[in-house]
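Trainee: Below is one structure. I have some questions about it.
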Amino acid sequence: MGIIEIKNLTFSYEKNKKIIDNLNLSIEKGSYVVILGHNGSGKSTLAKLIVGLLEAQKGEIYIEGTKLSIDSIDDLRQRIGIVFQNPDSQFVGITVKDDIAFGLENRNVPYEQMKGKVLEVAKLVGMENHLEKNPEELSGGEKQRVALAGVLVYDPEIVILDEATSMLDPKGVFEVNQAIQQFKHKKTIIAITHNLEEALYADRVIVLNQGKVVLDDIPKRAFNEEEILKAANLDILESMKLIDLVKEDQDLSNKKEIEEILWELTFKM
Amino acid sequence: MGINFQDVKFAYYIPRNKKKTRYQLTDVNLKISAENEFIGIVGHTGSGKSTLVQLMNALNRPTYGSVEVLGHKVTRKNKTLLKPIRQNVGLVFQFPEYQLFEQTSLEDIMFGPKNFGFTKEEAEKNALEAAKIVGLNEELLEKNPFTLSGGEMRKVAISGILASKPKILIFDEPTVGLDPKTKNELMNLLLDLNKMGKTIIIVTHDMEVVSRYCDRVIVLEQGKIALDLPKKELFSKKELLDRYSLDYPVLMKLLQRIKDQYNVDIDVNKFTLEDAYLEIRKVLGKNHG
Amino acid sequence: MGNKIVFGSYHNSNSWFHRLDPRTKLVGIFFLMIALFIVNNLWVLLGAFGAVLLLIITTKTPFLSFLKSIKGIAFILLFTIFFQIIFSRKGEMIWEGDFTLDLFRILIVLVLLIVFIFSKRLLPKARMLQFLVIVVVFFLLQYFPIFNLDFGNFLTKELATYKIMIYDGGLYTSLKIILRVMSILFISSLLTLTTKPEEITLGIEKLLSPLAKLKVNVSTFAMMISIALRYIPTLIVQANKILRSQASRGVDFAEAKLGEKIKQIISLLVPMFVIAYNQAEDLANAMEARGYVPQNKRSSINVIKFRFIDGLILILIVGLLATTITLKAMGYAI
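What follows is the structure, encoded as structure tokens:
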């Protein structure tokens, strides 16, 4: 039984337009899963369903064995954290420390316990020198790191990143990815994105198209499925395109060798 | 004609003690043609990119120096009319869908042209043309823009700028947040507009987009123009990319990895698929017989 | 920039005043303001203002920040004082003047006005000042007899004569108004200049907490204040972006007819409303996902401690207010 079990999930905002269509998924504890999909494939809706911000019309979601429902959601929220896409729209606190502490304040954690924990997670994401700053003084990357800290502070087992870096500049993307490395193997991470590069180092790639899972495999095998990726409105990797050129090259004798080199290097950091 | 920056210095705010002024841009000398150019403006956040392009449509006035746009000269305090400039240099902001406000998409697209003096009939005609160019379905024009999808809203917003028939188009971070397919669609649209004779300027972080679509690259660093050269030149000199901490296009990264891993003398300065492939083949490939 | 409006005020010079509990400052400042309205004796007000200045010095806050608080109110203040001085009839008359208005004088001023209107290019600076100078000249002309020019009766025929009388009562009242207003402004500025916004919010929440017994959700109210403070700078930045977006589409307030102006205002308001709404929805989701439940009891990462010195100060201020009220009730002219 995975830490997240999704069974026959169906969700629509309006009649006759299914955003999630009879979805079944199982996420293993401690894994790093990337969910790929174009805008409109249902990926963000899925994230909201898992954290209980939306209620599905059909199907069930189980988190650590407990069924997600109105009664269980308050307790289950302790087990999951989610970082959204827009750095400005999830920053609640007047200062960095206030925002990080928000999750603990909501659980009425006493001040003495909060103090240390806030500092600890701030250090983890590299924001310990910015605790008194206001959001207007921070860059996008810094705000997203604060959002990350705000989730890590209450120690959820599962962290969902809903396109957490898609609005950031390269520097911000780098900073946030570095911060994620700090807890990568200690938690179950679900990263939702439309950027193939982010899926290269995942344990597992799940491709969503029109609310259905169309591909579910390890990256090396998943990225070979050019047709499925194209149909899902995703790009294919540049190295795939090079490999296609290798395949077509009549005069090349060591095709296999070069294909392997290119493929191996694609997945190297 | 086109756009001509002469010795421009710009500060948003001048304090009482003028010596303490912090300039966002200094020593800007730049010439941009009114036709056919496809320029990428790159640089770190805070290097002055958005400030620079807002000088091109007179949203910002130069603190010192002058900016001449299609024959209209703008200095800090002169009386040049700004509307003709804004009509002919269309600026599409990041997340342009936020500028929508009218009851129907068609009315919103007509807003710009009407402000610039087009008659209602002309504005409507322009609007329909613009919608066609961006690939906006005609049925959507009668709908309230807020009922459209994100991508459709963005098309309405871009049409709104196109409908005033600008000669030069500036896009500030056009691809942020877009998925690969939409990104390609948008960039191809820009390419089409460029082929129609317009000068396209994009401000972006995405070096992939720059390497594929731009002809000319302007690199800003700390408020100054550090580089202004043809794309081929920039991407054929890895040291330049390193010096200004610019991202490599994916193909260059791959070639670099081949070089590092296999210790071979491979030229990493290739950024098109064909060139990269030929180089790999040259260095690693073995022919039959 | 928008940051400065809400947060930039806080200046941390860590004085004894900074370290006071925000509740003390909130309640204390409120009581002091009441006292300032009750007091009406010039000397007492002078003393009060002096005390405020002394207080400011002990907080080691740059004086410039306080002067900024006067900026907004300066014009209205001057206006009020002007009317006080001219029209008050209290006390003893200290000056009296005869003013005559005739066509000749009106003509001179008209000429000056026409020159003013058309001199915009030649003399662009300090237009308000130029206008005020003309007003002053107008009155001076009416006061001083014009050189004996012989224009005949038509031009120098008196159209009106009146007296302007200045009484010392008017002067005193004006002075009192200035002292009172500046004292109040400075004291309230002290609050935001020496207290972190998150601590002010916590202070307000704790002060209002008894209302919870009356089923008022104080904690939610405090959250609303906190979120508002957090978002004002952000919304200002976004408003600026919308302004620029629409300006790029030809919006130009200066050169628009009334009908166009209305549409242009809508082009700013609607996007702002949409942005604010979307932001609110996203924020609500983020808050809910992090476990926020409005009815639940919450702790705080901020700590405010009511100490001995806070008690002392409050007793002092309450004593001051009580004394003021008592003396006033007993008929003393304080």
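So the protein lines, in turn, are chains F, V and G. The numbering used here applies: residue 1 is where the first sequence begins, and numbers increase by one. The numbering used here applies: residue 270 is where the second sequence begins, and numbers increase by one. The numbering used here applies: residue 559 is where the third sequence begins, and numbers increase by one. C-beta atoms are modelled at their ideal positions from N, C-alpha and C, and glycine is treated no differently. Please read all numbers here as calculations on a predicted model, not as lab measurements.
#1: Listing by chain order, which chain F residues have their CB less than 9 Å from the CB of Leu837/G?
#2: Measuring alpha carbon to alpha carbon, tell me which of Leu459/V, Leu405/V and Phe385/V ends up nearest Lys424/V.
#3: Determine whether the beta carbon atoms of Pro414/V and Asp377/V lie at a separation below 9 Å.
#4: Who are the near neighbours of Ser567/G in its chain, counting only those whose CB is closer than 6 Å to its CB and skipping five residues on each side?
#5: Scan the stretch 577 to 605 of chain G for residues whose Cβ lies nearer than 8 Å to a Cβ of chain V and list them as they occur along the chain.
#6: Going along chain V, which residues have a C-beta under 8 Å from Ala844/G?
#7: Got a sec, what are the start and stop residues for the alpha helix (DSSP H) Trp601/G sits in?
#8: In chain order, what residues of the same chain have a beta carbon less than 8 Å from the beta carbon of Glu393/V, not counting five sequence neighbours either side?
#9: Quick one: is Asn570/G near chain V, going by C-beta distance under 9 Å?
#10: Taking 9 Å as the threshold (beta carbon to beta carbon), is Gln293/V in contact with chain F?
#11: Which runs of the alpha helix (DSSP H) at least 4 residues long sit entirely within the stretch 196 to 234 of chain F? Give them in chain order.
#12: Out of Asp251/F, Lys212/F and Ile243/F, which one is the CA nearest neighbour of Ala231/F?
#13: For Gly59/F versus Leu23/F, is the C-beta distance shorter than 9 Å?
#14: Excluding sequence positions up to five away, which residues of its chain have a Cβ less than 6 Å from the Cβ of Leu636/G?
#15: DSSP on Phe267/F, reduced to helix/strand/coil?
#16: Consult DSSP for Ile402/V and reduce its assignment to one of helix, strand or coil.
#17: For the alpha helix (DSSP H) holding Met845/G, just list the boundary residues, first then last.
#18: Counting only the same chain and skipping the five closest in sequence on each side, list residues whose C-beta sits under 7 Å from that of Asn357/V.
#19: When the Cβ atoms of the stretch 840 to 856 of chain G are set against those of the stretch 92 to 106 of chain F, are three or more pairs found closer than 8 Å?
#20: Can you give me the C-alpha to C-alpha distance between Leu9/F and Asp21/F, rounded to a whole angstrom?
#21: Skipping 5 residues on each side, what residues in its chain have a beta carbon closer than 7 Å to that of Arg145/F?
#22: Within 10 angstroms of its Cβ, does Lys771/G collect 16 or more other Cβ (buried), or is it exposed?
#23: Assuming Arg738/G and Leu878/G form a contact by the criterion Cβ under 8 Å, report the distance between their Cβ atoms to the nearest whole angstrom.
#24: Nearest to Ile735/G by CA position, among Gly869/G, Val876/G and Leu603/G, is which residue?
#25: Is the stretch 231 to 250 of chain F touching the stretch 60 to 72 of chain F, taking contact as three or more C-beta pairs under 8 Å?
#26: Under the three-state reduction of DSSP, which class applies to Tyr32/F: helix, strand or coil?
#27: Can you find a CB in chain F that lies within less than 9 Å of the CB of Ile427/V?
#28: Hey, is Asn854/G's beta-carbon within less than 9 Å of any beta-carbon in chain F?
#29: Taking all protein chains shown into account, decide if Tyr292/V is buried (16 or more other Cβ within 10 angstroms of its Cβ) or exposed.
#30: Whole angstroms is fine: what's the gap from Asp840/G's alpha carbon to Ile63/F's?
#31: Taking 8 Å as the cut-off, does the stretch 155 to 175 of chain F touch the stretch 130 to 142 of chain F (at least 3 CB pairs, one atom from each stretch)?
#32: Which whole-angstrom value is the C-beta distance of Pro331/V and Leu324/V, which I expect to be below 8 Å?
#33: In chain F, what lies closer than 7 Å to Arg526/V by C-beta?
#34: Quick one: which chain C residues come within Cβ less than 9 Å of Met114/F?
#35: Take the Cβ of Phe640/G as the centre, count every other Cβ of all protein chains shown within 10 Å, and call the residue buried at 16 or more, exposed below.
#36: Can you grab the Cα-Cα spacing for the pair Phe504/V / Trp263/F, in whole Å?
Mentor: Looking at the coordinates:
#1: The displayed chain sequence assigns Gln, not Leu, to residue 837/G. Going along chain F in sequence order, the residues near Gln837/G (Cβ under 9 Å) are Asn86, Asp88 and Ser89.
#2: Leu405/V
#3: yes
#4: Thr750 and Leu751
#5: none
#6: Under the 8 Å cutoff, chain V gives no residues; its nearest Cβ is about 18 Å from Ala844/G.
#7: Leu600 to Thr616
#8: Leu375 and Met379
#9: no
#10: no
#11: 219 to 222 and 226 to 231
#12: Lys212/F
#13: yes
#14: none
#15: coil
#16: helix
#17: Leu816 to Ala847
#18: Leu339, Pro435, Lys436 and Ile437
#19: yes
#20: 7 Å
#21: Val125, Gly126, Met127, Glu175, Val176 and Ala179
#22: exposed
#23: With 8 Å as the limit, Arg738/G and Leu878/G do not qualify as a contact, their Cβ atoms being about 16 Å apart.
#24: Leu603/G
#25: no
#26: strand
#27: no
#28: yes
#29: buried
#30: 23 Å
#31: yes
#32: 6 Å
#33: Leu265 and Lys268
#34: Of the protein chains in the structure, F, V and G, none is chain C.
#35: exposed
#36: 24 Å
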